[in-house]
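Structure record follows, encoded as structure tokens.
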Amino acid sequence: MKKASIILLFVLTLSTVASAHLKPKQIAGKWKYEISLYNAQLEGWFVFTLKKGELEGENIQSDGIVSRLTEIKVNKKNETLCFNAIRENDVPIEYILIVNHKKFRGKGWINEVSFEIAGNKITIQ
Numbered sequence: 680m681k682k683a684s685i686i687l688l689f690v691l692t693l694s695t696v697a698s699a700h701l702k703p704k705q706i707a708g709k710w711k712y713e714i715s716l717y718n719a720q721l722e723g724w725f726v727f728t729l730k731k732g733e734l735e736g737e738n739i740q741s742d743g744i745v746s747r748l749t750e751i752k753v754n755k756k757n758e759t760l761c762f763n764a765i766r767e768n769d770v771p772i773e774y775i776l777i778v779n780h781k782k783f784r785g786k787g788w789i790n791e792v793s794f795e796i797a798g799n800k801i802t803i804q
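According to the numbering used here, the stretch in the sequence shown is residues 680 to 804, in order.
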């Protein structure tokens with residue numbers, strides 16, 4: 680009986696560890712964000728959809744401007760989400776976000792200038 684309990688505990692631990700990694704389906708949905716700049720706060724939404732196992736997305740700024748998200752990559756091991764926002768007539772913005780359940784924090788880069796970003800998931804796809 681004791682041996683069976685130890686084996687069950689081991690299996691449960693392994694399944695918990697294996698399921699703890701970030702998956703694309705956890706990203707799918709609408710995420711509200713806030714960007715902290717030295718002189719302003721900006722808000723908007725990232726909307727991620729899962730199509731044929733791949734993430735697609737768009738960035739909707741609070742002023743209504745919409746940008747396509749490209750090169751969306753989920754790093755399961757370190758729980759990060761990386762992507763670019765392609766802006767019309769401007770350079771792309773690169774993002775690296777650390778996702779923790781339904782919240783994220785991270786950085787964005789425009790050329791060599793970086794900024795802080797944080798947000799949370801508001802809807803699930």
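Even glycine gets a Cβ: it sits at the ideal position worked out from N, Cα and C. Source: prediction; values computed, not measured.
| At least 3 beta-carbon pairs within less than 8 Å: the segment 780-789 vs the segment 727-744 | no
| field | Residues near Ser793 by beta carbon distance below 6 Å, same chain, minus five either side | value | Lys786
| Looking only at its own chain, which residues have a Cβ that is under 7 Å from the Cβ of Glu737, when we skip the five neighbours before and after it? | Val726, Val745, Ser746, Arg747, Leu748
| Ile739 versus His780 - alpha carbon distance | 22 Å
| field | Other residues of its chain near Pro771: CB distance less than 7 Å, five sequence neighbours each side excluded | value | Asn763, Ala764, Ile765
| said: On the DSSP letters alone, give me the boundaries of the beta strand (DSSP E) that Ile803 sits inside. | reply: 792-803
| request: Within the same chain, show all residues whose beta-carbon is closer than 8 Å to that of Leu701, passing over the 5 residues directly before and after it, in chain order. | output: Val753, Asn754, Lys755, Glu758, Thr759, Leu760, Val778
| message | Could you compute how far the alpha carbon of Leu729 sits from the alpha carbon of Thr802? | response | 14 Å
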